[in-house]
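If you read the sequences in order, they're chains A and B. Numbered according to the working numbering, the first sequence spans residues 1 to 331. Numbered according to the working numbering, the second sequence spans residues 332 to 662. By construction, the Cβ of each residue, glycine as well, lies at the ideal position given by its N, Cα and C atoms.
Protein chains: 2
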Amino acid sequence: MATSLHVAVDVVGGDHFPENPMAGAKLALAAHSHLILHLLGPESLIREEAQSQGLDLSRCVIHDAPEIVGMEDAPSAALKTKPHSSIALGNGLVKKGHAQAFVSAGNTGALLAASMFILGKLEGVARPTIGTVYPTIKGFRLLLDAGANLELRAEHYLQFAKMGRIYAEHLMGIEHPKVGLLNVGEEAEKGTEMLIEAYNALQGLSEFTGNIEGRDILTGKADVFLCNGLVGNLLLKFGESIPDVLSLLLGKTMKEKNLEPAQQALVAEVFKEAMQPFNYENVGGMPFLGVDGISMVGHGGSTPKAIFNMISNAMHCVEVELNQRILTSLN
Amino acid sequence: MATSLHVAVDVVGGDHFPENPMAGAKLALAAHSHLILHLLGPESLIREEAQSQGLDLSRCVIHDAPEIVGMEDAPSAALKTKPHSSIALGNGLVKKGHAQAFVSAGNTGALLAASMFILGKLEGVARPTIGTVYPTIKGFRLLLDAGANLELRAEHYLQFAKMGRIYAEHLMGIEHPKVGLLNVGEEAEKGTEMLIEAYNALQGLSEFTGNIEGRDILTGKADVFLCNGLVGNLLLKFGESIPDVLSLLLGKTMKEKNLEPAQQALVAEVFKEAMQPFNYENVGGMPFLGVDGISMVGHGGSTPKAIFNMISNAMHCVEVELNQRILTSLN
């Protein structure tokens, strides 16, 4: 039997709590026999929801966290005004070694601030970052930074490249991942002064494949797309909006063409399957890279399946010793 | 009979010259009886192509421009090393008043540099800009800046907002266009220091609708999307790549599902029609906003129809007195 692995779960994070985090926890307990879960939130709420979902608490530890950080709470103030929140206590469990990872679908800014404050940075890391998986015709690839660092210096791009490479290889299963710098053209002298400096700093990295353009993302020309957090956040949310908008356009076209119901159903079915690469539910969540401990955030709208995948991904980060690999690559 | 309108056309611009510019010119002459075209390029090439396409030159003036600026020529050097190019001579015709507009599907950077150097800036303009129309579920909307200015100060955002508003209203036919600032969140305090300053500067504009996010583009939450040229260029090229990538994904899905040929044809037909909002051919080209004269650039891959639409759009810019309106709004 494998050694137990302890993961702390924020039961009051995201848009659908406590039901989705608890349902995801239930799926994870069923899938992973060596998993112990630490459930964080108001104790009575957790116990009620466990009963209502028929969740067996024998492999769970409940930690009463009476304060709830909302999606709209200011990230900088959340720790101070709500020291007994699931976010504060969850990172605390990781810091003390009681849990090996913490996962939450809550307020990303507050989670980043808490993980940096409580866990601290890995030695040699200038700035932690958060990425997002991005759909391409080759499958999901990694986009870094996804919004944590709106402006970057050349040294940050280089560190993000190193951390992203490790994540792509060991967590996404991409062999020899290529790192591309998002820019307005392919030539080395393209872009802002900062991007030119970043290009030069990245030259020393064997995985660096040069500048790539906006048209190279969906075609998967690189495995790690480097960009500042403004660009990353805009691309992330833009990408998320594509399936719904296309579905609307297709529906409108089918109506105009007076398609029969069976024909409409066929088109909708093909489209839905073709859009599977855009289904973030299959990924679940991402860790803050560069933080001294595994602290992971998922989409606010996370479904039970997404929460389950986030917990599994957190276990995977622990198992492959993500942070040890990052430390080795940076120092 | 309407007064003649003179438009200069770069016959050696873009990826498919001279055939596409000449074919587009032919379409424009047929559609607009008061149009006089000034054709720029090596004279023998123009005459040969005119003969081959059966283009009647009676409403054309040929200007021999023996030097050709290629798509890869450095924008800054093009004017100096090739003073007799179609780009230099075309802007010169506008400057001298021999033509009221110049259109080209050539090297965007060289076109911008030449138009700024030869035509100069409109009074009060800090920086000229180039936008792109962007597909949304409400139809095409305007994205500014599309790559001419990679970094912006607050005052630039404000001027771009004013110029974009005029373009959206008078050239795109959008009543009371709303201007949105692309950012990582809706709140006024979101984003970089520069974006916060831009937000504050834009507050005075009645058309300003606040910050908008990446998910708000395809849904058309604003009519003018403001961003720096790095973001704009990445989004522009990303958007252009969507139809082909989705077509690939749909094809793959249909193959996996073993659809019959008739079913495949149906799905492909619906998809192609639904993607019409993404068809840039229907727009053709955009003028450099803030330049003292109408100088317009189109996609390098412009088809004859796209060139035709660019010429028509240039005429429209002249007819609605675009630059007079911009001057009034800025000063």
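Task: Spatial neighbours of residue 631(B) in its chain, beta-carbon cut-off 7 Å, leaving aside the 5 residues before and after - done: So the qualifying residues of the chain are 345, 346, 402, 436.
TODO: Mind listing, in chain order, the continuous beta strand (DSSP E) runs of no fewer than 3 residues lying wholly within the region 549-612 of chain B?
DONE: 555-557, all fully within the region 549-612 of chain B.
- [ ] State the DSSP-derived secondary structure class of residue 211(A), mapped to helix, strand or coil.
- [x] Residue state, collapsed to three classes: strand.
- [ ] Rank 525(B), 540(B), 338(B) by C-alpha distance to the C-alpha of residue 517(B) and give the top, closest one.
- [x] The shortest CA-to-CA distance from residue 517(B) to any of 525(B), 540(B), 338(B) is the one to 540(B).
Open item on the list: Output needed for residue 413(B): all residues of its chain with C-beta closer than 8 Å, excluding positions within five of it in sequence on either side, in chain order.
Closed with: Excluding residues within five positions, the ones whose Cβ falls inside 8 Å are 398, 399, 400, 404, 419.
Open item on the list: Check whether chain B comes within 9 Å of residue 222(A), counting only Cβ atoms and requiring the distance to be less than that.
Closed with: It does not: the Cβ of residue 222(A) has no partner Cβ on chain B nearer than 9 Å.
Task: Residues of the region 453-475 of chain B whose Cβ lies closer than 7 Å to any Cβ of chain A, in chain order - done: Correct list: 468.
Open item on the list: Counting beta carbon pairs with one atom in the region 349-361 of chain B and one in the region 384-394 of chain B, are three or more of them shorter than 8 Å?
Closed with: Short answer: they touch.
Task: Chain-ordered neighbours of residue 569(B) on chain A, where CB pairs are closer than 8 Å - done: Taking the beta carbon of residue 569(B) as reference, the chain A residues within 8 Å of it are 214, 215, 217, 218, 235, 238, listed in sequence order.
TODO: Would you mind sorting residue 659(B) into buried or exposed? The rule is 16 or more other CB atoms within 10 Å of its CB.
DONE: By the Cβ neighbour-count rule, residue 659(B) is exposed, with fewer than 16 other Cβ atoms within 10 Å of its own.
- [ ] Could you please give the first and the last residue of the uninterrupted beta strand (DSSP E) stretch that includes residue 472(B)?
- [x] Looking at the DSSP string, the run of the beta strand (DSSP E) that includes residue 472(B) is 470-475.
TODO: Using the DSSP secondary-structure output, state which residues sit across from residue 530(B) in a beta bridge.
DONE: Partner(s): none; residue 530(B) has no beta bridge.
Task: residue 352(B), buried or exposed, once every other Cβ within 10 Å from all chains shown has been counted against 16 - done: Flag for residue 352(B) reads buried.
Open item on the list: Would residue 601(B) pass as an interface residue toward chain A - the criterion being a Cβ-Cβ separation below 9 Å?
Closed with: At a cut-off of 9 Å between beta-carbon atoms, residue 601(B) makes contact with chain A.
Task: Cβ neighbours of residue 174(A) in the same chain (closer than 6 Å, five flanking residues each side left out) - done: When the five nearest sequence neighbours on each side are left out, the beta carbons in the same chain lying within less than 6 Å of the beta carbon of residue 174(A) are those of 168, 223, in order along the chain.
Open item on the list: By the DSSP assignment, the alpha helix (DSSP H) with residue 353(B) in it spans what residues?
Closed with: Looking at the DSSP string, the run of the alpha helix (DSSP H) that includes residue 353(B) is 350-362.
Open item on the list: Which of the three DSSP states is assigned to residue 398(B) in this structure?
Closed with: In this structure, DSSP gives residue 398(B) an extended state, which the three-state scheme calls strand.
Open item on the list: My output table needs one value for residue 637(B): the three-state DSSP class, helix, strand or coil.
Closed with: Three-state DSSP puts residue 637(B) in a helix.
Open item on the list: Against chain A, does residue 576(B) count as a neighbour if the rule is that its beta carbon must be under 9 Å from one of theirs?
Closed with: Contacts with chain A at 9 Å (Cβ-Cβ) include residue 576(B).
TODO: Report all residues from its chain with a CB closer than 8 Å to the CB of residue 627(B); omit the five preceding and five following residues, and keep chain order.
DONE: For residue 627(B), same chain residues with a beta-carbon under 8 Å away, outside a window of 5 residues either side, are 432, 433, 434, 435, 616, 617, 618, 619, 641, 644, 645, 648 in chain order.
Open item on the list: Strictly below 8 Å CB to CB, what residues from chain B border residue 307(A)?
Closed with: Scanning chain B for C-beta atoms nearer than 8 Å to the C-beta of residue 307(A) yields nothing, as the closest lies near 22 Å away.
Task: Where residue 460(B) falls: helix, strand or coil (DSSP) - done: Secondary structure at residue 460(B): strand, using DSSP grouped into helix, strand and coil.
Task: Best match in 520(B), 492(B), 501(B) for proximity to residue 511(B) [C-alpha to C-alpha] - done: For the options 520(B), 492(B), 501(B), the alpha carbon positioned closest to that of residue 511(B) is the one of 492(B).
Task: Nearest-angstrom beta carbon gap, residue 551(B) and residue 472(B) [assumed within contact, 8 Å] - done: Contact check for residue 472(B) and residue 551(B): beta-carbon distance about 6 Å, within the 8 Å limit, so the pair qualifies.
- [ ] Answer with buried or exposed for residue 592(B), where buried requires no fewer than 16 other C-beta atoms within 10 angstroms of its C-beta.
- [x] Exposed is the call here.
Open item on the list: Mapping the DSSP letters down to three states, classify residue 505(B) as helix, strand or coil.
Closed with: Residue 505(B) falls in the coil class under three-state DSSP.
TODO: Compare the C-beta of residue 594(B) against all C-beta atoms of chain A and say whether one is closer than 9 Å.
DONE: Interface residue, yes.
Open item on the list: Using beta carbons (cut-off 9 Å, strictly below), is residue 514(B) in contact with chain A?
Closed with: Yes, its Cβ sits closer than 9 Å to a Cβ of chain A.
Open item on the list: Quick check on residue 519(B): does DSSP put it in helix, strand or coil?
Closed with: Look at residue 519(B) here: in three-state DSSP terms it is coil, with no helix or strand label.
Open item on the list: Let me see if you follow: with CB-CB separation under 9 Å, is residue 179(A) close to chain B or not?
Closed with: Closer than 9 Å: no.
TODO: Below 8 Å between beta carbons is the criterion; list the residues of the region 41-57 of chain A that meet it against any residue of chain B, in chain order.
DONE: Per Cβ criterion, the list is empty.
TODO: Could you pull the start and end residues of the beta strand (DSSP E) that residue 435(B) belongs to?
DONE: In the DSSP assignment, residue 435(B) falls within the unbroken beta strand (DSSP E) covering 432-435.
Task: residue 573(B) versus 556(B), 549(B), 588(B), residue with shortest Cα-Cα distance - done: 549(B) is the residue among 556(B), 549(B), 588(B) whose C-alpha sits nearest the C-alpha of residue 573(B).
Open item on the list: So residue 474(B) and residue 563(B) are supposed to be a Cβ contact under 8 Å. How far apart are they, rounded?
Closed with: Contact holds; Cβ gap of about 6 Å.
Task: Chain-ordered neighbours of residue 584(B) on chain A, where CB pairs are closer than 7 Å - done: Going along chain A in sequence order, the residues near residue 584(B) (Cβ under 7 Å) are 270, 273, 274.
TODO: Measure the beta-carbon distance from residue 92(A) to residue 118(A) and round it to whole angstroms, keeping in mind my assumption that it falls under 8 Å.
DONE: Right, their Cβ atoms sit about 6 Å apart.
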